[in-house]
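Encoded as structure tokens, the structure appears first; notes follow it.
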Amino acid sequence: MRLDPFSGPYSRDPATTWRRINATATSVSYDDDLEMWLIAGHDNVRAVLSDTTNFSNAATMLPITALTADAGNILAGLDAPAVAVAADRPQHLRTRTILRALMPTTAVRAEQQWGPLVAARTDDLITDMKVHEPTDLMHFAVQLPLLVIQDVLGLPTATAQQVRAWTDAFADLVWGNPTPEAQIEHAYSSVRLWRFCTDIVSGRVDSGHYGPGLIGELLRYRNNDDSNLTVAEVAALALNIVGAGWITTAGALGNALAHALADPGRWASLADDEHYLNLHVEETLRHSPAIDGWLRLTTADVTLDGVTIPAGSRCLVLIGAANHDPSVYAEPDVFDPGRGRAGQHLAFGAGPHYCVGAALARLELTTALRALARRLPDLALAPGFRQQFKTSAALRQLTNLPVQQHPAGRCPVAHGTSAGPRS
Ligand code: HEM
0 MRLDPFSGPY SRDPATTWRR INATATSVSY DDDLEMWLIA GHDNVRAVLS DTTNFSNAAT
60 MLPITALTAD AGNILAGLDA PAVAVAADRP QHLRTRTILR ALMPTTAVRA EQQWGPLVAA
120 RTDDLITDMK VHEPTDLMHF AVQLPLLVIQ DVLGLPTATA QQVRAWTDAF ADLVWGNPTP
180 EAQIEHAYSS VRLWRFCTDI VSGRVDSGHY GPGLIGELLR YRNNDDSNLT VAEVAALALN
240 IVGAGWITTA GALGNALAHA LADPGRWASL ADDEHYLNLH VEETLRHSPA IDGWLRLTTA
300 DVTLDGVTIP AGSRCLVLIG AANHDPSVYA EPDVFDPGRG RAGQHLAFGA GPHYCVGAAL
360 ARLELTTALR ALARRLPDLA LAPGFRQQFK TSAALRQLTN LPVQQHPAGR CPVAHGTSAG
420 PRS
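Residue numbers are given in numbering that gives the first Met the number 0: position 131 of the sequence shown equals residue 130, and the series is strictly consecutive.
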């Protein structure tokens with residue numbers, strides 16, 4: 000099995016590759032190009048993501064593409080302690096428990112804590128849009144989660160665009176295929192992002208003013224006691240959240256908008272049908288997951304589907320292929336918000352590492368889709384739009400989403416034509 004995640008075809012339509020992988024006899028095989036094991040199949044993927052004994056998260060943030068020695072030496076400056084998504088037991092359990100205590104994990108509590116700020120950021124961004132000119136809706140899809148995660152963490156809005164550039168560089172270094180020159184730049188950016196987090200956190204500790212947002216809450220939880228959390232662990236959690244919090248949600252929001260605008264009926268329903276709105280979000284997460292591959296490292300020889308993966312192997316867990324497993328979802332490539340079992344998708348992972356930001360992500364997605372559809376009912380995809388994703392082995396974010404106001408009301412875009420995303 001070959002994934003070829005950095006090729007043009009995969010970046011245009013990863014579902015074609017998942018269909019091929021799902022049609023092969025074995026769902027576990029070695030990819031010679033990537034030098035890692037590919038794991039497909041809904042049951043396998045759920046089992047592997049849930050199995051923290053045989054599959055470690057230690058390799059989650061190690062670059063997929065081998066780094067040059069120079070880039071590797073620079074990246075060594077990112078000496079964050081392992082927490083949350085990058086950690087195994089016992090650090091994982093300890094730091095995750097703290098995050099779960101401080102972050103709402105249900106829709107009701109997320110709305111109570113973050114609803115007003117997400118709504119305010121959404122409204123401001125829509126007000127600033129120049130919708131009478133050709134517009135790239137990915138700007139909105141990126142800026143909303145970026146600004147929201149800055150607010151959630153208690154970081155100054157003025158730093159948001161710098162944080163965006165650093166996290167984009169970090170994501171490309173880990174899950175992309177950057178040139179040796181780009182690796183050096185990305186490695187410097189990644190270290191700067193880490194220093195930014197450590198400077199913010201230690202500045203607050205030194206001043207004795209723990210400050211706003213989740214960083215403030217983590218420092219109050221720490222209560223000046225390293226046995227609760229070290230200062231470096233607080234900074235590493237901030238790094239985790241800033242990284243996990245916006246790129247993923249930007250990808251998901253772009254995908255949800257592309258599916259919505261591909262069919263005028265969907266766009267209209269998002270404005271006034273809350274049931275449809277929630278189904279649309281879940282089907283987007285299933286059909287077009289913003290993270291469609293994720294890394295694990297085997298801690299022992301593991302036999303899966305009759306194939307033995309040796310201890311110490313890197314594995315790419317194919318969430319996208321799992322969400323398109325035809326034994327679970329009939330006609331998996333069709334975008335069908337009315338389908339059954341959509342809620343069983345693995346877009347937020349499974350088991351002990353299940354996404355702690357899922358409630359926030361869903362709040363952002365529903366708030367943004369509802370508000371855009373209500374305030375801009377005549378929005379339509381630009382003619383000739385064809386989806387193109389950024390090059391990545393894990394993150395699925397559209398490069399652009401050109402839209403325009405249809406002058407004479409709704410623009411009828413045929414479902415599945417070149418004007419809409421493949422569904
Ligand atoms: C649509 C948006 C999102 C997607 C698709 C997504 C996806 C995921 C996935 C697949 C995992 C599991 C990783 C693993 O098994 O190793 C995960 C974990 C995590 N996510 Fe998200 N996420 C999203 C939004 C967010 C947001 C908004 C935040 C922060 C507020 C966040 C914070 C985290 C953290 C801290 C973890 C690690 C949990 C742990 O290791 O215990 N995510 N996410």
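Glycine included, each C-beta is placed from N, C-alpha and C at the ideal position.
Check: Mind checking whether Thr297 and Pro144 have CB atoms under 7 Å apart?
Finding: no
Next item on the list: Using only the heavy atoms of the ligand HEM, determine whether one of them is closer than 6 Å to the beta carbon of Ala81.
Entry: no
Item checked: First through last residue of the beta strand (DSSP E) which encompasses Arg313 -> Arg313 to Val316
Check: Less than 6 Å between the CB of Phe54 and some heavy atom of the ligand HEM, yes or no?
Finding: no
Notebook entry, point to check: Between the stretch 380-393 and the stretch 104-123, are three or more C-beta pairs nearer than 8 Å?
Noted result: no
Notebook entry, point to check: When you compare only the Cα positions, how much space is there between Cys471 and Asn21?
Noted result: Since the first and last residues shown for the chain are 0 and 422, residue 471 lies out of range.
Margin query: Taking the alpha-carbon of Gly339 as reference, which of Asp3, Leu400 and Glu330 has the nearest alpha-carbon?
Written below: Glu330
Margin query: So within the stretch 354-401, which uninterrupted alpha helix (DSSP H) runs reach at least 4 residues, ignoring any that extend past its ends?
Written below: 357-374
Next item on the list: Between the Cα of Gly337 and those of Asn277, Val327 and Leu303, spot the shortest distance and give me the residue it belongs to.
Entry: Asn277
Check: Under the criterion of a Cβ to heavy atom distance below 6 Å, does Ile199 qualify as lining the ligand HEM?
Finding: no
Checklist line | Three-state secondary structure (DSSP) of Ser55 | finding: strand
Check: From Arg11 to Leu236, what does the alpha carbon distance come to, in whole angstroms?
Finding: 33 Å
Next item on the list: Quick one: measure Cβ to Cβ for Thr25 and Val306, integer angstroms, because I've assumed they're closer than 8 Å.
Entry: 6 Å
Item checked: Cutoff 6 Å; reference Tyr275; Cβ partners in own chain excluding five residues on either side -> Ser268
Notebook entry, point to check: Which whole-angstrom value describes the C-beta separation of Gly212 and Leu146, a residue pair presumed to lie in contact below a C-beta threshold of 8 Å?
Noted result: 13 Å between Cβ atoms; not a contact.
Next item on the list: Ignore the nearest five residues each way along the sequence and tell me which others in Phe90's own chain have a CB closer than 7 Å to its CB.
Entry: For the record, residue 90 in the displayed sequence is Gln; it is not Phe. Within the same chain, Gln90 has close Cβ partners Ala81 and Val82.
Margin query: Three or more C-beta pairs under 8 Å: does that hold for the stretch 256-272 against the stretch 172-189?
Written below: no
Next item on the list: Closer than 6 Å by C-beta to Gly242: which residues in its own chain qualify, once you throw out the five before and the five after it? Chain order, please.
Entry: Thr166
Check: Where does Ser6 fall in DSSP's three states?
Finding: coil
Next item on the list: Starting from Leu296, trace the beta strand (DSSP E) both ways and give me its first and last residue.
Entry: Trp293 to Thr297
Note to self: Asp332 and Ala14 - do their beta-carbons sit closer together than 7 Å?
What the structure shows: yes
Check: Based on Cα-Cα distance, which residue from Gly311, Pro263, Pro309 and Gln343 lies nearest to His323?
Finding: Gln343
Checklist line | C-alpha gap between Thr229 and Asn239, whole angstroms | finding: 15 Å
Notebook entry, point to check: Can we count Ile240 as close to the ligand HEM, meaning its CB is less than 6 Å from some heavy atom?
Noted result: yes
Note to self: So, with DSSP's three-state summary, where would you put Thr96?
What the structure shows: helix
Checklist line | The alpha helix (DSSP H) enclosing Leu136, as first and last residue numbers | finding: Leu136 to Leu152
Next item on the list: Leaving aside the five residues before and after Phe169 along the sequence, list all residues of the same chain whose C-beta is less than 8 Å from its C-beta, in chain order.
Entry: His185, Ser188, Ser189, Leu192 and Gly242
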